[in-house]
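Residue 27 is where the sequence shown starts when you use the numbering used here, and the numbers rise one by one after that. Here the structure is laid out as structure tokens; the discussion comes afterwards.
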Amino acid sequence: MPPTTADLGTDAKQICQTLLRTDTTNPPGNERACAEYLAGLLAQVGYEPTLLEARPARTNLVVLHRGTGKQPPLLLTAHLDVVEADPTKWRRPPFSGDEFEGCLWGRGAIDMKNMAAMCTAIMLKLARDGVRLERDVIFAAVADEEAGCDLGSRFLVEEHRALVEAEYAIGESGGFSLHLGNTTFYPVQVAETGFCWVRARIAGEPGHGSMPRADSVITKLGEALARLGNAALPQHPTSYVTEFLDAIRARQPALVQPLVRLLARPQLLGRIARLVPGVSVARSFSALLGNTAAATVVRAGSKTNVIPGLAEFEIDGRTLPGQTDQDFLRELAAVLGPDVELEIIKSAPPTMTEPIASPLFDIIQRQVLAREPDAVVVPYMIPGFTDAKYFSQMGARWYGFSPVKIEKDAGIKFADMFHGHDERVPVAGLVWGTEVLDAVVREIAS
Ligand SMILES: [Zn+2]
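Shown next, in the form of structure tokens:
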């Protein structure tokens with residue numbers, strides 16, 4: 027274990043590199059080695075970190091920097107597991123932690139061992155400096171985010187709530203430089219869509235394959251899938267998305283006008299995807315303006331000469347803040363018609379920080395602008411879910427802010443780094459992020 031240096035940025039880099047060299051692909055996860063490594067560093071400066079496992083080797087770490095208690099706690103959090111990486115597609119081995127072209131390379135460099143390293147470096151410095159803050163600062167490095175959080179944030183919130191309860195939580199995802207036109211934006215995540223997975227069933231008369239029937243469940247299945255694939259579900263613009271678009275529009279009207287025109291007719295997006303540059307951006311915004319439904323699994327029939335009596339498909343549905351599962355089922359039923367019976371397989375509600383404005387949001391904004399006066403800090407919502415889902419359930423106001431500065435000409439698109447090939451974090455951007463986050467933590471907690 028390399029010793030830490032008492033320099034915030036150097037520590038963050040070294041810790042990140044060591045974490046990247048430890049394979050925590052989930053499944054199976056095996057976060058224990060990473061959690062024990064961080065616990066060892068934290069213990070060296072006097073902390074008493076707690077390691078907690080819902081299952082062997084699926085380790086979560088919680089550590090507390092005790093404050094005066096005059097204000098409620100602040101939680102910093104990062105997940106230690108990563109998604110798989112195919113080494114044949116990478117320019118550097120995905121568990122090398124190599125420093126190359128000014129970046130640390132490895133699965134988790136952005137999602138999100140960088141944040142685990144930054145938080146650890148910040149906790150080390152808080153202890154070394156002997157600062158007494160008004161809030162307890164808790165750092166939770168969690169397992170299992172990539173497979174749904176059951177053994178990580180959900181386990182901590184359900185089984186060890188007292189250890190992680192906080193007024194504010196800072197975690198995934200946001201805080202990266204987003205270059206649009208000639209403006210740099212720093213999105214801060216304040217909302218996530220919910221999910222509603224649905225089984226759709228079509229029942230009918232079975233028959234012999236030698237005597238085709240027009241009302242076969244297979245034909246109805248095909249029609250239902252086509253209707254769903256071509257449907258545009260109703261739009262429900264939320265402040266989480268409109269504020270983001272307005273902020274961009276205020277700075278970059280020329281950039282956003284075509285986007286806004288596209289968003290008004292989302293059903294066209296698929297058809298013009300190949301023709302219009304930037305349409306993938308438009309599609310991802312479009313996924314934030316309405317509930318979405320994607321058919322993902324289809325099951326029907328087992329013998330070539332038998333027309334089956336039952337056909338099923340599964341729908342990955344995502345719901346916006348303000349929308350319930352029942353709202354979503356009504357929208358599906360309107361598209362699919364009365365022959366298709368719908369049943370929820372699993373669901374979780376959307377997550378949101380309300381109101382978006384808060385002293386913490388102001389501090390994040392101020393600390394970013396102090397370093398980059400021309401940048402714009404904007405709240406945003408992601409289509410998907412993170413540990414915010416569970417930490418918000420205990421009442422913490424979530425801000426996704428894991429800051430990384432990415433230069434405009436670096437050839438790195440932050441969004442492509444998530445689960446992509448050649449995941450890497452610029453070393454200078456990591457150091458920048460650690461300093462910003464450290465300043466945010468000290469200001470909100472003092
Ligand atoms: Zn992540």
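All C-beta atoms in this analysis are idealised placements derived from N, C-alpha and C, irrespective of residue type, glycine included.
Could you please give the first and the last residue of the uninterrupted beta strand (DSSP E) stretch that includes residue 423?
Where residue 423 is concerned, the enclosing beta strand (DSSP E) stretches over 423 to 426.
Quick check on residue 273: buried or exposed, where buried means 16 or more other Cβ atoms within 10 Å of its Cβ?
Counting Cβ neighbours within 10 Å, residue 273 comes out buried, since at least 16 surround it.
With DSSP as the reference, label residue 391 as helix, strand or coil.
In this structure, residue 391 counts as helix in the three-state DSSP scheme.
For my contact list, residue 144 and residue 459 are in at a C-beta cut-off of 8 Å; report their separation, rounded to the angstrom.
Between residue 459 and residue 144 the Cβ distance is about 6 Å, and since that is below 8 Å, they are a contact.
Taking the alpha-carbon of residue 149 as reference, which of 37, 369 and 403 has the nearest alpha-carbon?
Nearest option by C-alpha distance: 37.
Measure the C-alpha to C-alpha separation of residue 389 and residue 195 and round it to an integer number of angstroms.
Cα to Cα, residue 389 sits roughly 14 Å from residue 195.
Buried or exposed for residue 300, going by 16 or more other Cβ atoms inside 10 Å?
Low confidence applies here, because residue 300 scores a pLDDT of 40, under 50, leaving its location unreliable; read the following figure in that light. Residue 300 comes out exposed.
Does the beta-carbon of residue 110, which I'm using as the reference point, lie nearer than 6 Å to any heavy atom of ligand 1?
Outside the cutoff, so no.
Name the residue from 110, 472 and 461 whose alpha carbon lies nearest to the alpha carbon of residue 33.
For residue 33, the nearest C-alpha among the options comes from 461.
Can you check DSSP and say which residues form a bridge with residue 131?
Looking at the DSSP assignment, residue 131 forms a beta bridge with 450.
Judging by CA-CA distance, which residue of 400, 340, 135 and 210 is the nearest neighbour of residue 442?
Checking every option, the nearest Cα to that of residue 442 belongs to 135.
Less than 8 Å between C-beta atoms, sequence neighbours within five positions excluded: which residues of the same chain meet that for residue 395?
Same-chain partners within the cutoff: 401 and 403.
On a CA-only basis, which of 313, 99 and 151 is nearest residue 409? Give me that one, please.
Answer by Cα proximity: 313.
DSSP state of residue 420, grouped into three classes?
Note: residue 420 maps to coil in three-state DSSP.
Could you pull out every unbroken beta strand (DSSP E) segment of at least 3 residues lying fully inside the stretch 60 to 95, listed in chain order?
Whole beta strand (DSSP E) segments, 3+ residues: 76 to 79 and 85 to 91.
Heavy atom of ligand 1 less than 6 Å from the Cβ of residue 33, yes or no?
Checking the Cβ of residue 33 against ligand 1 gives no.
My understanding is that residue 85 touches residue 147, with C-beta atoms under 8 Å, so please give their C-beta distance in whole angstroms.
That pair is no contact at about 20 Å.
If we count Cβ pairs, one from each stretch, closer than 8 Å, do we get three or more for the stretch 348 to 359 versus the stretch 324 to 334?
Touching, no, given that fewer than three Cβ pairs across the two stretches are closer than 8 Å.
I'd like to confirm something about residue 407: is its beta-carbon nearer than 6 Å to some heavy atom of ligand 1, or not?
No - ligand 1 has no heavy atom lying nearer than 6 Å to the Cβ of residue 407.
Find out if the Cβ-Cβ distance for the pair residue 101, residue 167 is shorter than 7 Å.
Their beta carbons are not under 7 Å apart, which means residue 101 does not touch residue 167 by this criterion.
Entirely within the stretch 318 to 402 and at least 4 residues each: give me those alpha helix (DSSP H) ranges in chain order.
Listed in chain order, they are 351 to 362 and 385 to 397.
Kindly give me the distance between the Cβ atoms of residue 202 and residue 432, rounded to whole angstroms, as I take these residues to be in contact under 8 Å.
Indeed they touch by this definition, with Cβ atoms about 6 Å apart.
I'd like to know whether the C-beta atoms of residue 318 and residue 340 end up nearer to each other than 7 Å.
Their beta carbons are not under 7 Å apart, which means residue 318 does not touch residue 340 by this criterion.
On the DSSP bridge list, what partners appear for residue 225?
Answer is 340 and 369.
Relative to the C-alpha of residue 345, which candidate in 238, 418 and 260 has its C-alpha closest?
Of the candidates 238, 418 and 260, the one whose C-alpha sits nearest the C-alpha of residue 345 is 260.
Since residue 375 and residue 264 are thought to touch, with beta carbons under 8 Å apart, how far apart are those beta carbons, to the nearest angstrom?
So it is not a contact: roughly 14 Å between Cβ atoms.
Taking 7 Å as the CB-CB cut-off, is residue 382 touching chain D?
In the structure shown, chain D does not exist; there is a single protein chain.
Figure out for me which residue from 253, 205, 230 and 92 has the closest Cα to the Cα of residue 437.
The option with the nearest alpha carbon to residue 437 is 205.
Looking at the strands, I want to know which residues DSSP matches up with residue 444.
According to DSSP, residue 444 bridges with nothing at all.
Just the C-alpha distance for residue 456 and residue 368, rounded to the nearest angstrom, thanks.
The straight-line gap from Cα to Cα measures roughly 47 Å.
Kindly list the residues whose CB is nearer than 8 Å to the CB of residue 430, restricted to its own chain and excluding five residues on each side of it in sequence; keep chain order.
Answer for residue 430: 136, 140, 201, 202, 203, 440, 451, 452, 455, 456, 458 and 459, listed in chain order.
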